[in-house]
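So in numbering that gives the first Met the number 0, spot 235 of the sequence shown is number 234, and the numbers just go up one at a time.
A short worksheet on the structure shown next.
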Amino acid sequence: MSEQLRPNVLRDAMTVAKQKPQLSIQYLRAVAALMVVAFHAFFEASRFGYRGHVQDVLTSGVDVFFVISGFIMWYTTFSTAMTPMEFFGRRIQRIVPLYWALTSVVVAVLLIRPEYVQSMQFQLHHVVSSYLFIPATHPLLPNRMEPVLTPGWTLNYEMFFYLLFGLCLLVPRRRRHLTVVGVIGLIASLRAFHFPYPSVPAFYCSSIILEFAAGVILGYLITCGIVLPLRASVLLLIGGVLGLIAMSVFVNSWLPRALMWGVPATAIVGGAVFYERAHAVPDLSVPRLLGDASYSIYLSHPILLSAFSQLWRKAGFSALSYAHPLFVVLSVVLAAMGGVTVYRFVELPLSRAFSRKRSALAVQAGSEHVALVVHEGPPLRM
């Protein structure tokens, strides 16, 4: 491509990046969160007799989240002149307040009424590591690295990815996607050294981090103005769904996660965003609300499900012939409603308070970029 054409291509790509919100991404966020909720609901049902494996495919909700995360990080930063520190500030504002608040709830229960927590034990170093997003061995499950708030294991990966991506903002835009993908690929390749598990190096070298890179590539293609025909987008989306089902039925778990769940998840996200490029997506209030509240649903559901499971068993409902499917359905509904409540009354107020604090600090420091600090940015919220 000639140098004369390069500014026009860049300007067109920026225009694409400033288009309307990606409703497809919000809907996928909702679906992914509820998939994880359903998976854990089946796990809770195993406490009173469920022995099936239908829930295995539901774990891929995490992989959909990771691909979406890579996509959004590219999509929301491509057309803005953002420094690494500004990027880190936004990510901390988005991730930390609610995670710390709910982690503190679990820690408080562990200290005051530990018998209410079915699968966790208080250990100071484990608690500190949880707050700092440092992978640490589970106190009761020595072969797993999970924080106090169990879903936080994915946030350890997310924060690691944000660190890498934020530093790559120092790279010129035209080379940034290659840098991000290359760095992630290099880290994943270190798995060949067979670090002992559980350990921090083994945790971060998991193939699952390649799913962030897949999302970045999707974001790059979108901001380059790539368009797929409507039929191809639909086939890609359907192929991804069928791929998840096929993987859960026919493929052994020894396959690297990036292949087993990551490839179909990438097809699903890619099919959805390319479909929206080719065809209008209806703005449905309930799915959009669930997408907005997906982070709250994801983080709060273990607390809600644990309480609901204990009440369910004490009430004697576990003896019902249809106890397992009924419990799972009610659990998903409860987690969705509870997550939306947490979103409106905890996550949003905390985020706004944190944003005001950041703005005040920026003013006190005499920043010349206060508007950029408090601005919500492109349509997709980071």
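Using N, Cα and C, we set each Cβ at its ideal position, and we do this for glycine too.
Bridge-paired residues (DSSP) for residue i
i, result
"M72", "Paired residues: none, contrary to the question."
"T153", "Beta-bridge pairing links T153 to no other residue."
"T136", "M144"
Where residue i falls: helix, strand or coil (DSSP)
i, result
"L222", "Before going further, note that residue 222 is Thr rather than Leu in the sequence given. Looking at T222 - three-state DSSP - the assignment turns out to be helix."
"R46", "helix"
"P84", "The displayed chain sequence assigns Met, not Pro, to residue 84. It is helical."
"M144", "strand"
"F204", "The sequence shown places Cys at residue 204, rather than the Phe named in the question. DSSP places C204 in coil when its eight states are reduced to three."
"V250", "coil"
"D62", "helix"
"A213", "helix"
"V116", "coil"
"P197", "coil"
"S103", "helix"
"Y321", "coil"
"Q92", "helix"
"G165", "helix"
Whole-Å CB distance - residue i paired with residue j, under 8 Å assumed
i, j, result
"P96", "L303", "Rounded, the Cβ-Cβ distance is 19 Å, inconsistent with contact."
Distance, residue j Cα to residue i Cα
i, j, result
"D291", "L347", "10 Å"
"T76", "R112", "44 Å"
"I237", "S45", "31 Å"
"V280", "L241", "22 Å"
"R93", "V147", "19 Å"
"K408", "G88", "Because the chain is modelled from 0 through 381, residue 408 falls outside the range shown and cannot be assessed."
"I296", "W99", "15 Å"
"S284", "E275", "17 Å"
"L319", "I71", "44 Å"
"Q122", "H137", "9 Å"
"S366", "E85", "Only weak support is given to the placement of S366: the predicted model assigns it a pLDDT of 43, under 50, and the value that follows is read from those uncertain coordinates. Between S366 and E85, the C-alpha separation is close to 12 Å."
"Y49", "H323", "7 Å"
"R174", "S308", "50 Å"
"T153", "I225", "30 Å"
Any C-beta of chain C under 9 Å from that of residue i
i, result
"L163", "Looking at the structure shown, chain C is missing, and only one protein chain is on hand."
Distance cut-off 8 Å: residue i Cβ against heavy atoms of the ligand HEM
i, result
"S299", "Among the ligands in the structure shown, none appear at all, so the ligand HEM cannot be discussed."
Decide if the stretch 149-167 is in contact with the stretch 193-210; the criterion is three or more beta carbon pairs, one per stretch, under 8 Å apart.
yes
Touch test, the stretch 267-279 against the stretch 232-249, Cβ-Cβ under 8 Å, three pairs minimum:
yes
Contact between the stretch 34-45 and the stretch 54-61 is defined here as three or more beta-carbon pairs at a separation below 8 Å; is this criterion met?
In this structure the stretch 34-45 touches the stretch 54-61; the number of beta carbon pairs closer than 8 Å is three or more.
Can you find at least 3 beta carbon pairs, one from the stretch 203-222 and one from the stretch 255-267, that sit closer than 8 Å?
Enough Cβ pairs lie closer than 8 Å, so yes.
Within 8 Å, do at least three Cβ pairs link the stretch 216-223 to the stretch 246-262?
No: fewer than three Cβ pairs fall under 8 Å.
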